[in-house]
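One structure is given below, encoded as structure tokens.
Protein chains in written order, with our numbering: chain A, 36 to 463; chain B, 6 to 340.
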């Protein structure tokens, strides 16, 4: 037995040595295809624009991920996937909200399927991982929903564009301005305790303070909170003129509101919520109970505009009369933007596609007039919305609109980029 | 040297040749990148496999050890340090974290060991999530570069093949050493080993340090592969998948982690292109393996091969039955 082990060990060593030697020998010459030349496209050409679409279709974020895909597909189904002689072909991949998987899928789409552009993914960490990779291989990356500030700030790159949403602080800044202008002197905030929440609250706080308001208390809830009664009592005891509450979508919005209404604050405590806590899912769940409630977002499904009505009608026709959420709108907006650019220039890829998108001003989009700043982030309207009933359904209808909101919150871009990331202790 | 041994070694050799020739077989860089992912997952799974197979200690915290090393490298990269310092800091963080794990868990076993490693893993996850000044919070750290000499995707692939072979050899050697035997003794009967005068806690701490170091090494390799790290790397989900890989492959087998990692990574990244309900498929594979092949894929094949050999040798007179291979005699501890 002993000798068997010894000789086995000898063989193992031999195999390993052989392997090491072979590895050394092979590494002297690169395998074929390790330095592929990238094809460049003639401007004005026709052909196929291959799009890789990464979204979390399974896992915890499956609903938002599916909506994001639905919006993109809806545009091409309604308008046809051929624009100006260019056929748009989409390959959808699931990343389950996992950044490693997101990155592998991006590599697959670029290196195996040869896509010209990657759209998505959704979550902040997946979006940043994919954006870093796509920029390293010269592929444009469009973001329909991702809200991470850093995507177009500290980690911005020339090939990454936020096409269908705004950054977390940007979309809430006008909420703070509005609250102060409404005559509220003090505010209390409640946001999720991670990057998106810190950014959302930072936006509101800076807007509110810029107009002379004072934030008296800030509370943070961990992800996965379902019982908000303690937070509602804290808001009540803070006794501020207005409460700002943000969630990242899903169950926390309705859960918070049930506690809020249950403890009888609905009449006495003015409240402003963010995009995702007062979205269609919340409106469907609570309906008449929250009629007249205010929120702040770049998306308002109740805005009177031909683009929004056309989009809502198409979505309702396909999905049993449902009203589109911000995630659907982001996917649709990104598709519309790509279509407009192809319409104008013909087939574009790489940096040319990005340049064409970021120099385009989309006058009548579903978000209103949208353009892009030097860091490839959306500059556009933010609405203060109110829940109103229309034909038995509830809509977020704009009651005040801030045009051309950018991501710098009234500061100099260099100062914003130099400050530390937002956290509980740093709100700008 | 028995026949099954020769067959086994021939298979290993063939596998290595295929692995070395892979970039020249017309594969795209994506395929190489996918195999690289499998190799990294296999190294990480090997560290768990060593601890479960020889020590009988199932850890739910190894994903977090790897993530801690990855964060060490990421932080060094963010501070503008060169790859050499990244290695030093990553391995330093690994040793500290493994020591904390080891000291907290060395007097426990079974379900209590599981809970302690789970808890420490949650602490690492919490720190990654909340200590945003260092870790970048939810966004993580991006733009981490590996050393220039393995900068190309295919040179890195060869580096990973070598790393996998070396860590597998290292763990195999440790497992065959007197230390490994003592560890298996502790696994089978702690009280007996203690009454024989062994320092059970010391052995467990040592085993954890070895396993943790390999896990940290895998974390460093992973961050060099993906160029970023975020809190999801430290999540419990990742550690659970590691256990799944080990059980799928076969607890205590040499190549089990590689096979288990290949199954999980391929289902996650390739099957999911075709089938939307890929998590269900992964669950079904896991259930089928538990029901019909308790020894895992590699363990079951080894058992089957041993059975066939025994049948053929018993037919031909004069051939003694082969001694139980180390592979199969360790399988019954797959709990």
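Don't be surprised by glycine CBs; every beta carbon is placed ideally from N, CA and C.
Nearest-angstrom beta carbon gap, residue j and residue i [assumed within contact, 8 Å]
i, j, result
"residue 361/A", "residue 311/A", "7 Å"
"residue 388/A", "residue 152/A", "6 Å"
"residue 233/A", "residue 423/A", "That belief does not hold up - the Cβ atoms of residue 233/A and residue 423/A are roughly 31 Å apart, past 8 Å."
"residue 212/B", "residue 188/B", "6 Å"
"residue 367/A", "residue 109/A", "6 Å"
"residue 106/B", "residue 66/B", "6 Å"
"residue 512/A", "residue 235/A", "Outside the displayed span of chain A (36 to 463) sits residue 512/A, for which this structure offers no information."
"residue 418/A", "residue 338/A", "7 Å"
Limits of the unbroken alpha helix (DSSP H) element including residue i
i, result
"residue 106/A", "97-114"
"residue 178/A", "Residue 178/A -> not in any alpha helix (DSSP H); beta strand (DSSP E) instead, spanning 176-178."
"residue 61/B", "No alpha helix (DSSP H) contains residue 61/B, which DSSP labels as neither H nor E."
"residue 291/A", "287-297"
"residue 153/B", "No alpha helix (DSSP H) contains residue 153/B, which DSSP labels as neither H nor E."
Alpha carbon of residue i to alpha carbon of residue j, nearest angstrom
i, j, result
"residue 279/B", "residue 435/A", "46 Å"
"residue 85/B", "residue 232/B", "14 Å"
"residue 187/A", "residue 134/A", "18 Å"
"residue 256/B", "residue 54/B", "6 Å"
"residue 204/B", "residue 239/A", "59 Å"
"residue 176/A", "residue 154/A", "6 Å"
"residue 283/A", "residue 72/B", "25 Å"
"residue 47/B", "residue 68/B", "12 Å"
"residue 196/B", "residue 202/B", "10 Å"
"residue 132/B", "residue 239/B", "10 Å"
"residue 290/B", "residue 263/B", "16 Å"
"residue 14/B", "residue 312/B", "18 Å"
"residue 24/B", "residue 166/B", "7 Å"
"residue 308/A", "residue 375/A", "33 Å"
"residue 72/A", "residue 399/A", "With a pLDDT of only 41 at residue 72/A, under the threshold of 50, the placement of this residue in the model should not be trusted; the figure read from the coordinates follows. If I take the Cα positions, the gap works out to 39 Å."
"residue 386/A", "residue 196/A", "11 Å"
"residue 152/B", "residue 88/B", "5 Å"
"residue 409/A", "residue 441/A", "11 Å"
"residue 105/A", "residue 295/A", "32 Å"
"residue 404/A", "residue 160/B", "49 Å"
"residue 173/B", "residue 392/A", "50 Å"
"residue 251/A", "residue 275/A", "7 Å"
Run of the beta strand (DSSP E) containing residue i, from where it starts to where it stops
i, result
"residue 439/A", "428-440"
"residue 88/A", "82-90"
"residue 399/A", "397-400"
"residue 308/A", "306-308"
"residue 13/A", "With chain A represented from 36 up to 463, any question about residue 13/A goes unanswered, as that position is not in the structure."
"residue 124/A", "121-129"
Residue i, DSSP secondary structure in three states
i, result
"residue 249/A", "strand"
"residue 369/A", "helix"
"residue 293/B", "helix"
"residue 382/A", "strand"
"residue 255/A", "strand"
"residue 107/B", "helix"
"residue 28/B", "helix"
"residue 247/B", "helix"
"residue 336/A", "coil"
"residue 304/B", "helix"
"residue 239/A", "helix"
"residue 418/A", "strand"
"residue 146/B", "strand"
"residue 227/A", "strand"
"residue 200/B", "helix"
Please identify, using Cβ separations under 9 Å, the residues of the segment 277-291 of chain B that lie next to chain A, in order along the chain. 277, 278, 281, 282, 283 and 284
Closer than 7 Å, Cβ to any Cβ of chain B: which residues of the segment 173-195 of chain A, in chain order? 183, 185 and 190
For the segment 146-172 of chain B, which residues have a CB atom closer than 9 Å to at least one CB atom of chain A, in sequence order? 147, 148, 157, 158, 159, 160, 163, 164, 166, 167, 170 and 171
Name the residues in the segment 120-149 of chain B whose C-beta lies less than 9 Å from a C-beta of chain A; which are they? 134, 135, 137, 138, 141, 142, 143, 144, 145, 147 and 148
Going along the chain, which residues of the segment 113-133 of chain A sit with their C-beta nearer than 7 Å to a C-beta in chain B? 128, 129 and 133
Between the segment 202-235 of chain B and chain A, which residues of the former have CB atoms less than 7 Å from a CB of the latter, in chain order? 231, 232, 233 and 235
Near-chain B residues of the segment 149-165 of chain A (beta-carbon distance less than 7 Å), N- to C-terminal order: 159, 160, 163 and 164
Using a Cβ-Cβ cut-off of less than 9 Å, give me the residues of the segment 221-241 of chain A that come near chain B, in sequence order. 228, 229, 230, 231 and 233
Select from the segment 436-459 of chain A all residues with a C-beta closer than 9 Å to any C-beta belonging to chain B, and list them in chain order. 455, 456, 457, 458 and 459
Report the residues of the segment 34-63 of chain B with a CB closer than 9 Å to any CB of chain A, ordered along the chain. 34, 35, 36, 37, 38, 39 and 42
Mind checking the segment 328-348 of chain A against chain B and listing, in chain order, the residues whose C-beta falls within less than 7 Å of any C-beta there? none
Interface positions of the segment 283-315 of chain A facing chain B (Cβ-Cβ less than 7 Å), listed along the chain: none
So if I threshold CB-CB distances at 7 Å, which residues from the segment 242-274 of chain B count as touching chain A? 273 and 274
What residues from the segment 85-106 of chain A come within 7 Å of chain B, judged by C-beta to C-beta, listed N to C? 92 and 93
Using a Cβ-Cβ cut-off of less than 9 Å, give me the residues of the segment 177-190 of chain B that come near chain A, in sequence order. 177, 178 and 181
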